[in-house]
Amino acid sequence: MLTKKRKVYLDHAATTPVREEVLLAMMPYFTERFANPSGIYADALEVRRDVDKARNSIANILQTQGECIIFTSGGTESCNTALFGVAYKNEANGKHIITTKLEHHAVLHPIQKLEKEGFEVTYLTPDKFGYVSAKQVREALREDTVLVSIMYANNEIGTILPIAEIGKEIIKWRKEKNTKYPYFHTDACQAGGVLDISVEKLHVDLLTLNASKLYGPKGIGLLYKRRGVQMEQMLYGGGQEMKFRAGTENVPGIIGFAKALELAQKEKDEENGRLIELRNYFYERIQKEIPKVKLNGALLKESDTRLPNNLNVSILDIEGEAILLYLDEYGIMTSTGSACTADSLDPSHVLLSCSLPYEYAHGSLRFTLGRENTKADIDYVMEHLPGIVEKLRKISPVTLSDDPGKNVHPKYHQR
Amino acid sequence: MTDGAAIRGNDGSKWLYTDIVKDHFFNPRNILYHGEEKDFQADAQGRVGSPACGDEMVIWLKIDPKKEKITECKWQTFGCGSAIASTSVLSVMLTENGGMNLEEALKIRPQDIMDRLGGLPARKIHCSVLGDKALQAAINDWFRKTGQHERVITEGSKIVDTEHNITEKDVEEAVLDGARDIEDVLKKLQIKKVESEVEHTLEQLIRFYTEKYFG
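One line per chain: the protein sequences are S and P, in this order. For what it's worth, the numbering used here labels the leading residue of the first sequence as 1025, then goes sequentially. For what it's worth, the numbering used here labels the leading residue of the second sequence as 230, then goes sequentially.
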């Protein structure tokens, strides 16, 4: 007899389910309101009006105007557009870019490509909590810096970076040097549903956001571009999105994105408080019931510098993928920074950038909580996790010290 | 067990472990549990990898000296699902049907381990290579313990002492395993004394590897 397996989803930094209200708002745009907003008949004009309404509603939340919102296919496209678009359009004015070592690959890989093409890049190193300060950015600024790209909140360890402070430093620099450079882009994909995303307060010129991390649909994102920022277009064609992103609008996606963002921003204070409490309860139980666990990222009590739903721990002496396989057998879904689920044999670049030793990074687990999680879910995980850890430790030849200095195996990476 | 356990790569490709891999992962055979190492009284031991690399394996063997047969094989593995499963299946291959003799055991290739597992995803192949290396290290340990230095496998590495078949790789592994001077290295290789010329070479190599990995 088949019994339905209990499922506990703890991977909300990867993606979130679409909220019922969001789905309902989207539905008509698949069928009766299917018209292409570029048409000139009544049905098309109605759809155009609804798209503009959604654009303006998002613009209100970002404290900007609708014309500054460019809809894209998601966070990756927005980051690529911002980085390549600004770099290529402005390279005559300087070829230096500043970013951090803990960005998402959607930022790092385009920047690495630009580096190969002759741009110079400064990669700022975070401290052990994953924090990069405005002072570090200030010190890295050069007369030929055209672009600074720094994430708002990190997807793996949940560290929140001081975007507003960095933005202020950059404005100060521009005034002192009487220049319009550098432009400042932030990847806010992990922050959209949780933090204040007013571009006025953040002092950013470009901001990337997507819907699939805030209970909206996949396949829709946006790039905020301040008026006056010079940027090349990436897609050529019908000239949609103020000519910056050709292609028929993803109308249901846009409608869903606006609805999801509106709900998330409205509910964020209450939900953040609930998630912090739940997350802290989870960590307390882990600490009590599993020996030799290290917290990765900012301290949990520092809610200004850590996302409310993020818990990242290293469980020493065992490997992350092995833990995931066991958890999956109990219907628990989460992720690891271990090399084993990635293409490369290196563990997470984020954990390594925070100076976490390789042997700790291989045993890392990332739990990211969300709207539907309850205390009962955490209790269910804690019914199984300590036993899984014990079982894997019994078959592991490794006994690491809590003190990284005492682990004498080689520092290098063999393969 | 259900048919879960799907692990997805960053490139979006999805792959599943075979049922054999999952069986060996969830029900590993021939484990030597933490703390039982001394009581087992192994005749030979081989350790490869490091937690920093994401995999570390130890294989313990009991060997019938007359027939040169592996009578027991125990192991411990730090690593992902396929690393654990490949050590488990290797231990079965070595001990089934009354045990394998050493010459046969040395012929086991990573491909044989993978075949027994019903295949591994491409990016997991190194996990089975590691099992093969741990076995070779354990058998070399046996050859040294029984004074059969001429039989030590030196494949793919430069020999620095022809009398005992010490290779650069042996020195490298001894250093990785914590050796810092010539005494440490010889102790690990179970050799009492080497010629003074060889000593000089060994010292240089120890310095080189210590600096490379721990400098």
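Cβ atoms here follow ideal geometry from the backbone N, Cα and C, with glycine treated the same way.
- For Thr1423(S), the number of other beta carbons within 10 angstroms of its own is below 16, and it is reported as exposed.
- Residue contact with chain S for Ile313(P): present (Cβ-Cβ distance below 8 Å to some residue of chain S).
- Interface annotation for the region 289 to 316 of chain P against chain S: Gln305, Thr306, Phe307, Gly308, Cys309, Gly310, Ile313, criterion Cβ-Cβ distance under 7 Å.
- Taking Ile1184(S) as reference, the option from Asn1202(S), Asp1074(S), Leu1302(S), Asp1151(S) with the minimal CA-CA separation is Asp1151(S).
- Ranking Leu1349(S), Asp1211(S), Lys1312(S), Ala1164(S) by CA distance to the CA of Ile313(P) puts Leu1349(S) first.
- The straight-line gap separating the alpha-carbon atoms of Ala1037(S) and Lys1415(S) is approximately 28 Å.
- Residues of the region 262 to 286 of chain P whose Cβ lies closer than 8 Å to any Cβ of chain S, in chain order: Tyr262, His263, Arg276, Gly278, Ser279, Pro280, Ala281, Cys282, Gly283, Asp284, Glu285, Met286.
- Taking all protein chains in view, the Cβ of His253(P) is crowded by 16 or more other Cβ atoms within 10 Å, so the residue is classified as buried.
- Beta-bridge pairing by DSSP links Asp390(P) to Ile395(P).
- For Met286(P), there is no enclosing alpha helix (DSSP H); the enclosing beta strand (DSSP E) has its first and last residue at 284 to 293.
- Note on Gln1089(S): under 16 other CB atoms within 10 angstroms of its CB, so exposed under the neighbour-count rule.
- Of all residues in the region 1401 to 1429 of chain S, only Arg1417, Lys1418, Ile1419, Ser1420, Pro1421, Val1422, Leu1424 come within less than 7 Å of chain P when Cβ atoms are compared, listed by chain position.
- Judged by DSSP in its simplified three-state form, Glu1383(S) adopts helix.
- In terms of Cα proximity to Asp410(P), the closest of Thr430(P), Glu392(P), Thr391(P) is Thr430(P).
- Classified as exposed, Tyr1065(S) has fewer than 16 neighbouring CB atoms from the shown chains inside 10 Å of its CB.
- In the displayed model, Ile1244(S) falls within coil according to three-state DSSP, outside both helix and strand.
- When Cβ-Cβ separations below 8 Å define contact, Pro339(P) makes no contact with chain S.
- When the five nearest sequence neighbours on each side are left out, the beta carbons in the same chain lying within less than 8 Å of the beta carbon of Lys1201(S) are those of Glu1167, in order along the chain.
- The continuous alpha helix (DSSP H) containing Cys356(P) extends over residues 354 to 374.
- DSSP places Arg1309(S) inside the alpha helix (DSSP H), whose first and last residues are 1275 to 1313.
- With contacts defined as CB atoms closer than 8 Å, Pro1428(S) and Pro1381(S) qualify as a contacting pair.
- Residue ranges of uninterrupted beta strand (DSSP E) with 3 or more members, entirely inside the region 1083 to 1158 of chain S and ordered along the chain, are 1093 to 1096, 1120 to 1124, 1144 to 1148.
- Taking the Cβ atoms as the reference, Val1172(S) lies roughly 5 Å from Phe1208(S), within the contact range of under 8 Å.
- Using a Cβ-Cβ cut-off of 8 Å, Ala1346(S) counts as an interface residue toward chain P, since at least one Cβ of chain P sits closer than that to its own.
- Look at Phe254(P): its C-beta is under 8 Å from a C-beta on chain S.
- For Thr300(P), same chain residues with a beta-carbon under 6 Å away, outside a window of 5 residues either side, are Lys291, Asp293, Gly328 in chain order.
- DSSP, reduced to helix, strand and coil, places Asp1074(S) within a helical segment of the structure shown.
- In the DSSP annotation of this structure, His1408(S) is not part of any beta strand (DSSP E); the continuous alpha helix (DSSP H) holding it starts and ends at 1399 to 1418.
- Contact of Ser1222(S) with chain P is not assigned, every C-beta pair being separated by 8 Å or more.
- Residue pairing by DSSP puts Glu301(P) in a beta bridge opposite Lys291(P).
- With 16 or more neighbouring CB atoms inside 10 Å of its own CB, Ser317(P) falls in the buried class.
- Sequence-ordered contacts of the region 327 to 355 of chain P with chain S read Arg352, Lys353, His355 [C-beta pairs closer than 9 Å].
- Secondary structure at Met1357(S): strand, using DSSP grouped into helix, strand and coil.
- Val1161(S) and Asp370(P) have their C-alpha atoms spaced approximately 54 Å apart.
- Rounded to the nearest angstrom, the gap between the Cα atoms of Asn1431(S) and Lys1125(S) is 25 Å.
- With respect to the 8 Å criterion, Leu1047(S) and Asn1397(S) are not classified as neighbours on the basis of their beta carbons.
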